[in-house]
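Residue numbering for the sequence shown follows the numbering used here, starting at 3 and increasing by one per position. Each residue gets a CB set at the ideal place from its N, CA and C atoms; glycine is no exception. Source: prediction; values computed, not measured.
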Amino acid sequence: MFEMPRTPENLPKHELIGLHVEVEKHSDENIVGLEGTVVDETRNMLVIDGNKVSKKDGTFIFDLEDERVRIKGEIINKRPEDRVKMRLPGKYETL
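Structure (structure tokens):
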């Protein structure tokens with residue numbers, strides 16, 4: 003089965019499990035700086051190496067093969083299967 007490669011342009015619509023992520027900003031300051039691998043995802047949460055992190059309250063930096071991508075949590079605060087329907091212009095920032 004063909005899988006679309008992850009790019010900065012399509013990352014908000016893509017599967018996040020397996021990606022390395024860093025919490026850049028969050029309403030819970032204890033979570034800022036947390037980094038690791040996304041091991042699970044729900045509508046409202048990312049599970050980063052066993053730590054549940056609210057999506058809507060943070061800004062996240064995801065590592066792709068050769069780029070880092072900043073995404074506001076409010077953009078990805080949807081069920082993964084619902085994100086594929088999103089329109090994407092301006093939903094990410096490459097670093």
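Residue i, enclosing alpha helix (DSSP H) - first and last residue
i: ILE77; result: 75-78
i: ARG85; result: 82-85
Span of the beta strand (DSSP E), counted from its first residue to its last, around residue i
i: LYS42; result: First, the amino acid is wrong: residue 42 is Asp here, not Lys. Note, ASP42: beta strand (DSSP E), 37-43.
i: LEU21; result: No beta strand (DSSP E) holds LEU21; DSSP gives it neither H nor E.
Contacting residues, own chain, Cβ-Cβ under 6 Å from residue i (five flanking each side not counted)
i: GLU24; result: GLU37, ILE63
Counterpart residues of residue i in DSSP-defined beta bridges
i: GLY60; result: HIS28
i: ASP65; result: HIS22, ARG70
i: LEU48; result: GLU43, VAL55
Own chain, CB closer than 8 Å to residue i, minus 5 neighbours either side, in chain order
i: MET6; result: ASN12, HIS16
i: ASP51; result: GLY38, THR39, VAL41
i: GLU26; result: VAL34, GLY60, THR61, PHE62, ILE63, ARG72
Cβ shell of residue i (< 7 Å), same chain only, five flanking positions each side left out
i: LYS74; result: THR61
Inter-residue Cα distance where the pair is residue i and residue j
i: LEU48; j: VAL41; result: 8 Å
i: ILE19; j: ARG85; result: 14 Å
i: GLU83; j: GLY35; result: 28 Å
i: SER29; j: LYS57; result: 10 Å
i: ASN46; j: PRO14; result: 14 Å
i: MET88; j: GLU69; result: 22 Å
i: ARG8; j: LEU21; result: 10 Å
i: LYS80; j: GLU31; result: 23 Å
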